[in-house]
Ligand SMILES: [Zn+2]
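Residue numbers (the numbering used here): 1 to 105.
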């Protein structure tokens with residue numbers, strides 16, 4: 001897996017803070033659809049985030065995941081008649097992530 005390819009895929013921007021990925025801060029590979037929802041290790045499901053931003057993302061998944069809100073996430077995919085681990089699924093998840101308010105986590 002090439003990080004450069006992933007960075008290019010996100011236009012060298014971090015999805016969480018909207019800042020450039022090119023800088024001092026450490027980067028982490030993030031799984032868009034989490035493994036427990038059937039997310040894959042393929043390029044479509046991976047993105048580069050700043051380390052601190054990825055942490056925020058993880059906190060958010062803890063809050064909404066781990067069985068608490070996971071049925072809601074699954075229902076969300078069902079309502080859209082999309083498999084979570086499909087290309088459309090990843091797209092849908094990305095769209096949903098955009099609506100999250102990371103700063104409040
Ligand atoms: Zn960031």
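The C-beta atom is built at its ideal place from N, Cα and C for all residues, glycine as well. Since this is a predicted model, take the numbers as computed values, not measurements.
Collapsed DSSP secondary structure at residue 87 in the structure displayed:
Residue 87: helix per DSSP, three-state reduction.
Inside the segment 2-34 only - alpha helix (DSSP H) runs reaching at least 4 residues
3-9
Quick check on the contact list: which residues have their beta carbon closer than 5 Å to a heavy atom of ligand 1?
14, 16, 17, 50, 53
Using the Cα positions of residue 23 and residue 8, report the straight-line distance between them to the nearest angstrom.
15 Å
So does residue 53 have its beta carbon nearer than 7 Å to some heavy atom of ligand 3?
Ligand 3 is not part of the structure shown, which contains ligand 1 as its ligands.
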